[in-house]
Amino acid sequence: MNTIYLTSSDEDIKKAAEIIKAGGLVAFPTETVYGLGGNALNPSASKKIYEAKGRPSDNPLIAHISKTEELISLVTDFPENARKLATAIWPGPMTMVLHKKDIVPNETTGGLNTVAIRCPANETARRLIELSGVPIAAPSANTSGRPSPTRWQHVANDLDGKIDAIIMGEPCIGGIESTIVDMTEELPMILRPGLITPERVSEVLGLDCDYDPAIKGPASPDMIPKAPGMKYKHYAPKAQMKLFAGDREKALDVMRKEQAELEAKGFNVVSIAYESGDDAARNLFGDLRAADAHGEDYILCYALSLEESINYSVMNRMLKSAGYNIVEV
Ligand code: TXA
Ligand code: MG
C-alpha cells in the first residue's frame, strides 16, 4: 500500500475524512500521542487497525469524538458524574469508560460491553472527526509493543506502507496516552494513569478516586487489569533500559560510573535525567526511539520520585519500558 502524507490544512483534512468515511486508516496528531484512526462504527475498519499495528484483538480501541454530545449515541447511560467530568476536562487528555450501545461493534471494544470514549483537544484531530461525521477509533499509531509515537515521523517509521495516510501535524505536547477513567461503577477508578490525575478527578466530583490495583506493578496472573491493554509488554526500546531511583545527585553519580564501565566494554550508552514529570512525559517516548535510532545498547535513566501523580503516570510507562529493571541508589 502507498501511504499518502497530508498536512493539517483544511483541504488535506477533508481528504483524510474521505478516507475514514470509505473505511480506510489515517494517522493523526492528538495532544497526547499520535492516533491511528478508522471509523469506530465499521467493524472492518477496526479489524484493519489491529492488523496494521499487529495488536491482539482482545485489546479494545478508544472512540474519539469532537463534541461531548456525540457520546449520547454510543452509550446506554451518561451518568451525572461522567457529565461533570466531561464538562470540566473535555476536550482534553481523558478517556471515560461507559456502557456501550449495540451500534458500537464488538470489533472496536474487543468484545466488552463497555466503550472507551475521548474528546481530544488537538484542533486537527477534532476537525478530522467532525468532517468524518463518525466517531474515530484510534489506538496509538505505533507498531504494537513499541513506544507510542509523539511525532509524525515516528508513525512513518512504524506504519509507512501499512495505512492509507499520515497527517504530518505538530509534535504532541502531552507525550503520554490519556488517563482512562472507569465511570461504570459508583466511584470513578483510574484504569490507566495519565496527565489528568486522580486528585483532579476527585476535585471535580467530590468523590474518592483510586487507581485500579492491578496496574501498580508488573502484570501478575492473579491481578487482571480492567483496561486489557495494561497487561501487555509495552513501550519497549531495543536497547536494554535500567532505572536508578533515590537521591538525584547520588543516582546521577552511580549512572556516570555505570556508563563509563559499559563504554569501556565497547557498548553504546545514553544516560537520561528528566527535570520534572511534565518534561519526562513530553520527551520519554521520543528519547527511547532516538536511542534505538542511534544504535544504543543501554539506556540509563533517573527514576522520578513517585510522590507526585504526574510522576507516577510517567513512571508507569518508564517501568514497563525498562521491564521493571530498577535499582534503589
Ligand atoms: O491518548 C490516548 O488515549 C491515545 C490517543 C490516540 O487518543 N490512544 C491510545 O489508545 O492510547 P490505545 O489503544 O493505545 O490504548 C487504549 C487503552 C488500552 O489499554 C485498552 O485496553 C483501554 O484503552 N480500553 C479501551 N476500551 C476499554 C474498555 N471498554 N474498558 C477498559 N479499557 C479499555
Ligand atoms: Mg497504545
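First residue of the sequence shown? That's 695 in our numbering, and the numbers climb one at a time after it. Yeah, the Cβ is synthetic: ideal placement off N, Cα and C, and Gly gets one too.
Checklist entry - By Cβ distance, which residues of its chain are closer than 8 Å to serine 834, with the 5 residues on each side in sequence left out? => result Here residue 834 refers to the residue found at position 140 when the sequence shown is read from its first residue. Cβ within range, chain order: Val727, Tyr728, Gly729, Leu730, Ser842, Pro843, Glu871.
Checklist entry - How about leucine 835: is its Cβ closer than 8 Å to a heavy atom in ligand 1? => result Walking along the sequence shown from the start, residue 835 turns up at place 141. Strictly speaking, residue 835 in this sequence is alanine, with leucine absent from that position. Yes, since a heavy atom of ligand 1 falls inside the 8 Å radius drawn around the Cβ of alanine 835.
Checklist entry - Per DSSP, what kind of secondary structure is isoleucine 890 in: helix, strand or coil? => result Locating residue 890 in the sequence shown gives position 196, where the first residue counts as 1. Residue state, collapsed to three classes: coil.
Checklist entry - Taking the alpha helix (DSSP H) that leucine 822 falls in, what are its first and last residues? => result Residue numbering aside, residue 822 sits at position 128 when the sequence shown is read from its first letter. Leucine 822 -> alpha helix (DSSP H) spans 817-826.
Next on the checklist: Suppose you measure from the CA of asparagine 733 to the CA of lysine 708; what does that come to, to the nearest Å?
Outcome noted: For the purposes of this step, residue 733 is taken as the residue at position 39 of the sequence shown. For the purposes of this step, residue 708 is taken as the residue at position 14 of the sequence shown. Using only the alpha carbons, I get a separation of about 15 Å.
Checklist entry - Anyone know if the C-beta pair for asparagine 775 and leucine 899 falls short of 9 Å? => result Reading the sequence shown from its first residue, position 81 is the one you call residue 775. Reading the sequence shown from its first residue, position 205 is the one you call residue 899. Yes, these two residues count as a Cβ contact at 9 Å.
Next on the checklist: In chain order, what are the residue ranges of uninterrupted beta strand (DSSP E) at least 3 long that sit wholly in the segment 745-830?
Outcome noted: 756-758, 788-793, 808-812
Checklist entry - Between the beta-carbon of leucine 853 and the beta-carbon of alanine 746, is there less than 9 Å? => result For the purposes of this step, residue 853 is taken as residue 159 along the sequence shown, with counting starting at 1. For the purposes of this step, residue 746 is taken as residue 52 along the sequence shown, with counting starting at 1. Contact: yes.
Next on the checklist: Taking 8 Å as the cut-off, is the C-beta of proline 787 nearer than that to any heavy atom in ligand 1?
Outcome noted: Reading the sequence shown from its first residue, position 93 is the one you call residue 787. Yes, since a heavy atom of ligand 1 falls inside the 8 Å radius drawn around the Cβ of proline 787.
Item to check | leucine 719 - DSSP class collapsed to helix/strand/coil | outcome: Here residue 719 is taken as the residue at index 25 of the sequence shown, counted from 1. If DSSP states are grouped into helix, strand and coil, leucine 719 belongs with coil.
Next on the checklist: What does the alpha-carbon distance come out to for the pair glutamate 1002 and asparagine 836?
Outcome noted: Position 308 of the sequence shown, counted from the first residue, corresponds to residue 1002. Position 142 of the sequence shown, counted from the first residue, corresponds to residue 836. So the two alpha carbons sit approximately 28 Å from each other.
Next on the checklist: Across the segment 815-824 and the segment 950-957, are there enough close Cβ pairs to call them in contact, namely three or more that are closer than 8 Å?
Outcome noted: no
Next on the checklist: For isoleucine 759 and isoleucine 811, which I take to be in contact (beta-carbon distance under 8 Å), what is that distance rounded to the nearest angstrom?
Outcome noted: Working through the sequence shown from its first residue, we reach residue 759 at position 65. Working through the sequence shown from its first residue, we reach residue 811 at position 117. Isoleucine 759 to isoleucine 811, Cβ: 6 Å. Contact.
Checklist entry - Would the beta-carbon of isoleucine 1020 fall within 9 Å of that of alanine 975? => result Numbered from its first residue, the sequence shown carries residue 1020 at position 326. Numbered from its first residue, the sequence shown carries residue 975 at position 281. Going by C-beta atoms, isoleucine 1020 is not nearer than 9 Å to alanine 975.
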